[in-house]
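Protein chains in written order, with the numbering used here: chain H, 1 to 326; chain Z, 327 to 652; chain B, 653 to 1017; chain C, 1018 to 1382.
For glycine and all other residues, C-beta sits at the position ideal for the given N, C-alpha and C.
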Amino acid sequence: MSEQTMAEALRDGLRDLLAADERVIVLGEDVEAGGVFRITEGLLDEFGERRIFDTPLAESGFTGAAIGAALGGMRPIVEIQFVDFILPAVNQLISEAAKMRWRSRGEWQVPLVVRTPWGGGVHGGLYHSQSFEALFAHVPGLKVVAPATPADAKALLHAAVADPDPVIFLEHKRTYRLIRGEVPDPLPAVGIGEAALQRDGGDVTLISYGLMLHECLAAAETLAAEGIECHVLDLRTIAPLDQAALLDAARHTGKVVIVHEDHLSGGVGGEVAALIAEHAFDHLDGPITRVAGPDVPAMGYHAKLEAAFMPDAARIAEAVRGLAAY
Amino acid sequence: MSEQTMAEALRDGLRDLLAADERVIVLGEDVEAGGVFRITEGLLDEFGERRIFDTPLAESGFTGAAIGAALGGMRPIVEIQFVDFILPAVNQLISEAAKMRWRSRGEWQVPLVVRTPWGGGVHGGLYHSQSFEALFAHVPGLKVVAPATPADAKALLHAAVADPDPVIFLEHKRTYRLIRGEVPDPLPAVGIGEAALQRDGGDVTLISYGLMLHECLAAAETLAAEGIECHVLDLRTIAPLDQAALLDAARHTGKVVIVHEDHLSGGVGGEVAALIAEHAFDHLDGPITRVAGPDVPAMGYHAKLEAAFMPDAARIAEAVRGLAAY
Amino acid sequence: MAADGYAGPPRVRIPLAQPADARRRRAKGPDLTHPHFDLPNEALVEMWYLLLLSRRIAERWFTLNRQGRAPFVVTGQGQEAAQVGTAAALVPGKDWVLPYYRDIGVMLTLGMTVEEFMLNVLAKATDPNSGGRQMPAHWSAKELRVVSQSSTVGTQIPMAAGLAWASQLRGEDAVAVCYIGEGATAQGDFHEGLNFAAVRRLPVILVVENNGYAITESQEKEMPVEHVADRAPAYGMKGIVVDGNDLMLVYRNMHQLVEETRRGGGPAIIELKTYRTVPHSSDDDDRRYRTRAELEQWLKRDPVDRFRARLINDGILTEAHAADLDVEADQEVREALARAERAPDPDPATLLDHLFAAPPWGGTS
Amino acid sequence: MAADGYAGPPRVRIPLAQPADARRRRAKGPDLTHPHFDLPNEALVEMWYLLLLSRRIAERWFTLNRQGRAPFVVTGQGQEAAQVGTAAALVPGKDWVLPYYRDIGVMLTLGMTVEEFMLNVLAKATDPNSGGRQMPAHWSAKELRVVSQSSTVGTQIPMAAGLAWASQLRGEDAVAVCYIGEGATAQGDFHEGLNFAAVRRLPVILVVENNGYAITESQEKEMPVEHVADRAPAYGMKGIVVDGNDLMLVYRNMHQLVEETRRGGGPAIIELKTYRTVPHSSDDDDRRYRTRAELEQWLKRDPVDRFRARLINDGILTEAHAADLDVEADQEVREALARAERAPDPDPATLLDHLFAAPPWGGTS
Ligand SMILES: Cc1ncc(C[n+]2csc(CCOP(=O)(O)OP(=O)(O)O)c2C)c(N)n1
Ligand SMILES: Cc1ncc(C[n+]2csc(CCOP(=O)(O)OP(=O)(O)O)c2C)c(N)n1
Ligand SMILES: [Mg+2]
Ligand SMILES: [Mg+2]
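Spelled out as structure tokens, the structure:
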């Protein structure tokens, strides 16, 4: 049992996976030198340049090559330097990786993991702060995970590499060094598609993931002092959603606030709300509420513009108070 | 007043726009010869090769060039041959077109229209049948329209070209020749962001767009004979949604079925449901129901696999009956 | 076995240790596809038969379309020599192959049976490519190392680089061969894929079937250089241009290139100048963008007729034997079609199958 | 006027009919940026001053970062000659310019003021580039025809083609100039954008600042050829390679290329061999991927020192005058910074503004 940051847990996870399976390779921009967030630091020395592999600055090309390598029997882990720069690779991911198994009725498979830092809070401005989980969550054939704790990050990285299908593995960049936590050894497995209850409470249900989970937990602390008990669910996997867990959590209190950093319209919160509004309707005691970034292209670079975008514990608590009083 | 198909109305609309404004240009693959759906037929002869412009087979390149031309004062109308092939251009559309005005605080603008056929029902298999409206609807800075009638198609094409911001203009390919309707002259304007009530009824509200609107109307006919009256709203614009209209429509009956051809999870229906579950909660008399394609990569090519994917009047009617009895 | 009658992988058609294709009925001589053999007369006749059979399959497909039995056709009449000649230089089941939609000749040469083409054209449940999920001509055959194709052009080039890379990492000497039209080389993935392959000197060959048109657009609208192969130096690659309607020229050049690449010569482009003598697809009318005179010129260079004339001229084939083979090809297609027609249609209940290996909801995997 | 203190477009800094830049304080001689003038001594001194000032702005930005007053730095020390030399050959306000994040020298030469750089670095509400929305060094200046830049590399090339095309359609003889690092030329948009420009012979110039690295990756990991310009023939284009640390060489070659392209010579690539003598950004430690010895070698070729030495050698500049200018540059930066610091921060209430021209919800446009 040891306490680690997200970054450390991920680095350890990569090392374990590379050591355990010869087919695992790591590729992307600057990964040989450790990557811009230093998650792949030390791997080149340990595993050599056949397995840790700098690519040209061409996301479609190296993602496509990784798809090819996966088809050819390898287990590639691609690093996209910032999720904002995954867009050139979207065609490869949606047209090829996501559809390969289905269109060949299982003849071909793409066991690919795409790791990429997402989210804001690091003064990244428009192109180093975005959230694209909703884009990928809408693509049948892709799995999307977004762990919020070091233990989950490591366990889900194992699950992603073990998965025979393509997984988009989202690492909230603000959590890399901010979030510390116990990473048990041996590490209990976490399945892709399994949400986790992070706090039990009877008044209002909070459903979230990524950095925002921690804001939800902070809000829950504040609210507990005011006598409002929150039931906090961490989705962990964005696609496929853990429908049973989220419907249970919704039914538990009948009052739901969904929180994400991504902007509101068309975000993951819409799908979660729709599932609840259809399948837990009879248990609802108030409007399904969403707290999310505003509908602008991205957060601003200046600290004030970034803060104006990012939902936080205060905004979440306010929404919960309103709903609790409903 | 004359009756036209969708294809005819769109061709007429393009001709009017080219005639009215020298800055309007049309570019894309095969547009000089009329395009694969013959929507641009005759335009080369009438307007010449400076304004009707075949591009290399490179969606990112010519979409990027169109963005440049728009920045340089033109009013480009891009044709993407099938919406399935817009994915290579997604980076240009999301990173550049959508963010240009916001990031320059209005200094630069991208008056671009991207026309593209979407949807199934023509034996197109995986790559000639997809729906990507949810992808673009989630992008702040883009407008997304999806007309269902010839008059709306022509009016919205005018609105899109007049709009100083980028518009994704979705033409359901099955409707091109299937759907006929009156196209009044002069044509009443339709604003981007305005839904339209297509049928008034007191029992259940149907919210849809594109080809599925016609399936909803067919279902409403059947149901009327059974004594169930449907209130049918055509969204017409997918982003920004006409929130007032859709909340009104939801409140009108308290029972809502949202219908789209795109697969369920993460589709536009989720956002619509979420808005209703938050802002019309007190008026709801039953679970918000969605009828949509299944969560598979696309519809199959074989007629039976295509039919198994596509929602139709029968499935819609069944959902409405269930909800009406709730 | 899934509900749609499809037995599921893995199926092994060709034992990898023994590249001779037992399923190619006419292989009388030594294995054509083995690159170390010279080509005896029988093999030359066999190659002509492959050209002919490719042609007949395509023609039959058009007929089925006119009869309302196949909603969509995309074929490559006129391009058969480029296809058969290049594929004959590969080792099926060892080399990775990413053909494109016109490549009936490639698939036939690699070992797809005529019946399988007919199952594909009719989108039957037992179509080995996709069981009626994809449009026809979107090839997939795992045991032939033919990777399932999308319609999206260009994506196959980076994938080919990755397949070559995987083989290299696994210590195989396989070559990855990607087929593409000249128009599609305008895609960014051409640049990114070739650059990736070139930086790491991966064994990738890009076969460009340059038929002068991308649907309605003639080559000068697509690119400012005369040959796609003119772009090979941008990647430090070898690029060669060959008359794509001359079967032997195609075969010899491809054979040599495959050998070089297999031995570590790095990636390369081979461009085959050819022409499709039919419309782009059943939805196209080619009279709107090209003249009949141009078509006539190319019909004179028809690869099937041309190779037949050469074989007859060289005394390898007689008119009578050619006529027999023609009848045989016709019959082979007819019989295969009859069998394929009896195959089951896809079962709509299978639509949700194979989304994931272990499905989180719904169908079986 | 928006709530953030930003006056909004259109602002005209330079009357288009009169390209002389009144705002460039040191322009004593004839207008540097006008391509038809020879360069008198004063202009040469002015150009050196632009190099120097670019350097001082970048250095000050790093200082601000260390002081905790600027969260992020990305600069181009070492690349100033490539930037100033190319930009000096353009007509500001007429030619379209798409610089990249290192291009302080380009923006300074085109007419951005030192104070505006400082507003940008501090992300002030009155930063003309984006008012603190974007990271600094994402340039935008409509009256200079500098189009707002994203961080996403490569996208600017097709956009430059489109701008050139628009100018051609409008009967202007503007050139569209896109700046890029050598690493970013691996993007598909390089291929698609240049191909688009080449097919239509649009007046586009791609300026490649080849500093040998893409963050930590040295050039051989990025491309298999020695020069990006080696790829120009793939587009039937002219491609030239120039010592990017020699200001006069850069200027003369760029000047000639701009003239050719303006007169219809078609698109072209000019590649400037240079080096960034600082880390990639404030988040980078360049010691993990390159040797101090290599850096030392390049510092000997420093463009600012080198051009100063040459001017002194040629008797155009004296040591004393150079020292004076050094003090002046320092002072100019210090004063500009002091003014910029007094400017207002962005108002969070403005976050929703400018989503659309006519906003369907929320903020004002
Ligand atoms: C990315 C993408 N864009 C557009 C299309 C539509 N499309 C199908 S084939 C084709 C032309 C291809 O021309 P070429 O590459 O020369 O091959 P050919 O058909 O001539 O053999 C086009 C534009 C596509 N399949 N993929
Ligand atoms: C599409 C995209 N992918 C990745 C990045 C992250 N990134 C920023 S700069 C850079 C290296 C660029 O190298 P080069 O083009 O040589 O320019 P230089 O920084 O050396 O001047 C990378 C990978 C990006 N900005 N855009
Ligand atoms: Mg072609
Ligand atoms: Mg560089």
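DSSP three-state assignment for residue i, whether helix, strand or coil
i	result
C:Gln1173	helix
Z:Ala359	coil
H:Arg236	coil
C:Val1090	coil
H:Met6	helix
B:Tyr865	strand
H:Thr289	strand
C:Ile1333	coil
B:Asp895	strand
C:Arg1187	coil
Residue-chain proximity (residue i, chain H), Cβ-Cβ < 8 Å
i	result
C:Gln1151	yes
C:Ser1168	yes
C:Gln1273	no
C:Asp1362	yes
C:Phe1089	yes
Presumed contact (8 Å Cβ cut-off) between residue i and residue j, rounded CB distance
i	j	result
H:Ala324	H:Ile228	5 Å
H:Leu108	H:Leu71	Rather than Leu, the amino acid found at residue 108 of chain H in this sequence is Trp. That belief holds up - the Cβ atoms of H:Trp108 and H:Leu71 are roughly 6 Å apart, short of 8 Å.
Nonlocal neighbours in the same chain, by C-beta distance under 7 Å from residue i, ignoring five residues either side
i	result
Z:Pro637	Met538, Glu541, Val585, Glu587, Val617, Ala618, Gly619
B:Val725	Trp713, Phe714, Asn717, Ser933, Ser934
H:Asp295	His263, Leu264, Ser265
CB contact below 8 Å: residue i versus chain C
i	result
B:Val877	yes
B:Asn862	no
H:Val139	no
Z:Ala599	no
Beta-bridge partners of residue i, as assigned by DSSP
i	result
C:Cys1195	C:Leu1115, C:Leu1223
H:His231	H:Thr205
H:Arg180	H:Thr5
B:Lys650	There is simply no residue 650 of chain B to check, as chain B begins at 653 and stops at 1017 in what is shown.
Neighbourhood of residue i by C-beta, 8 Å cutoff - its chain only, sequence neighbours within 5 removed
i	result
Z:Arg341	Gly368, Leu369, Glu372
Spatial neighbours of residue i in its chain, beta-carbon cut-off 6 Å, leaving aside the 5 residues before and after
i	result
C:Ala1231	Gly1200, Glu1239
H:Val144	Glu133, Phe136, Ala137, Ile168, Ile238, Ala239
B:Ala981	Leu704, Leu705, Arg708
B:Ser800	Ser792
B:Gly891	Ala881, Ala884, Ile921
C:Val1242	none
C:Gly1253	Ala1215
H:Pro166	Ala97, Val110, Leu112, Leu142
C:Cys1195	Leu1115, Gln1173, Ile1174, Ala1177, Leu1223
Cutoff 8 Å: residue i Cβ touching any chain Z Cβ
i	result
B:Arg940	yes
C:Leu1127	no
Minimum Cβ-Cβ distance from residue i to chain B less than 8 Å
i	result
C:Gly1200	no
C:Lys1255	no
H:Ala134	no
Z:Val516	no
C:His1155	no
C:Phe1373	no
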